[in-house]
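Here the sequence shown stands for residues -22 to -1, 1 to 177, numbered as in mature numbering (1 follows the signal peptide of the UniProt record, and there is no 0).
Let me begin by presenting the structure, written as structure tokens, before commenting on it.
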Amino acid sequence: MKKTAFITALSIGVLSIGLAAAAPSDAVNQIRENSVQVLGILKNANGSNDNAVRRKAENYALPYFDFERMTALAIGNPWRKATAEQKQALTKEFQTLLIRTYSGTMLKFKNAKVVIKDQPVVKNNGKEVVVSVEITNPGSKPVNMAFTTYQDGSRYRVYNVAVEGGSLVTVYRNQFNQTISQKGINGLVDELKAKNGSK
């Protein structure tokens, strides 16, 4: 889990995808360029400004993740029965949970080597592109990741991240569904709020 947290923390930065074209090759090139920019932000950390640097990297990347779709994927079938208000609350708390869980270790990747692969997998008539990335931290073995994105207007947004083939979103599904079966959707919202320290 610790290794997964490290890798996911960097993914928050690497996947700041502001794509102007729908061509998969353009998506790959943009991800590659943005990964360089985010690593550049992280390299400015000097110990006294770590929180500010981390927030800057997060703010740069987060708009390009679809947290509502990520939450729906993590919840599974019960999502369809949730009200609009419940979906909004679940999305807010799940986003907070992901950020709290993973962003704290983001700075450990400021010296990482990020290789964006040139052969993305195109799905859904070109509207979805899976981009493969290899991340190597000094002294560690390379870790393979896959970012599943979909076309949203003139850009792509991320809604799933896989590390060595395992989804970091659906890993929550069993836990969430168990809570829902026992306490209902509102019970899951309350549980997430408690974990996040939300009011």
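Don't be surprised by glycine CBs; every beta carbon is placed ideally from N, CA and C.
Along the chain, where does the beta strand (DSSP E) that runs through residue i open and close?
i, result
"Q129", "V121 to D130"
"Y134", "R133 to V141"
"K91", "K91 to I94"
Thinking C-beta only, is residue j closer than 8 Å to residue i?
i, j, result
"R135", "T127", "yes"
"L20", "V92", "no"
"D4", "Y137", "no"
"F154", "I53", "yes"
"I9", "V109", "yes"
"T61", "S176", "no"
"A23", "V14", "no"
"E36", "I77", "yes"
"P56", "I158", "yes"
"V6", "D130", "no"
"L170", "E71", "yes"
From the DSSP output, in three-state form, read off residue i for me.
i, result
"T114", "strand"
"S145", "strand"
"S176", "coil"
"L166", "helix"
Along the chain, where does the alpha helix (DSSP H) containing residue i start, and where does it finish?
i, result
"K86", "Run containing K86: none; DSSP gives neither H nor E here."
"K101", "Note, K101: premise wrong, no alpha helix (DSSP H); beta strand (DSSP E) at V99 to K101."
"K34", "D28 to A39"
"R47", "F45 to I53"
So residue i and residue j are supposed to be a Cβ contact under 8 Å. How far apart are they, rounded?
i, j, result
"P116", "P2", "The Cβ separation is near 31 Å, so there is no contact."
Can you find at least 3 beta carbon pairs, one from the segment 80 to 87 and one from the segment 103 to 110, that sit closer than 8 Å? No: the two stretches stay apart, fewer than three of their Cβ pairs being nearer than 8 Å.
Counting Cβ pairs closer than 8 Å, one from the segment 159 to 169 and one from the segment 64 to 74, do we hit at least three? The count of Cβ pairs closer than 8 Å, one atom from the segment 159 to 169 and one from the segment 64 to 74, reaches three, so the stretches are in contact.
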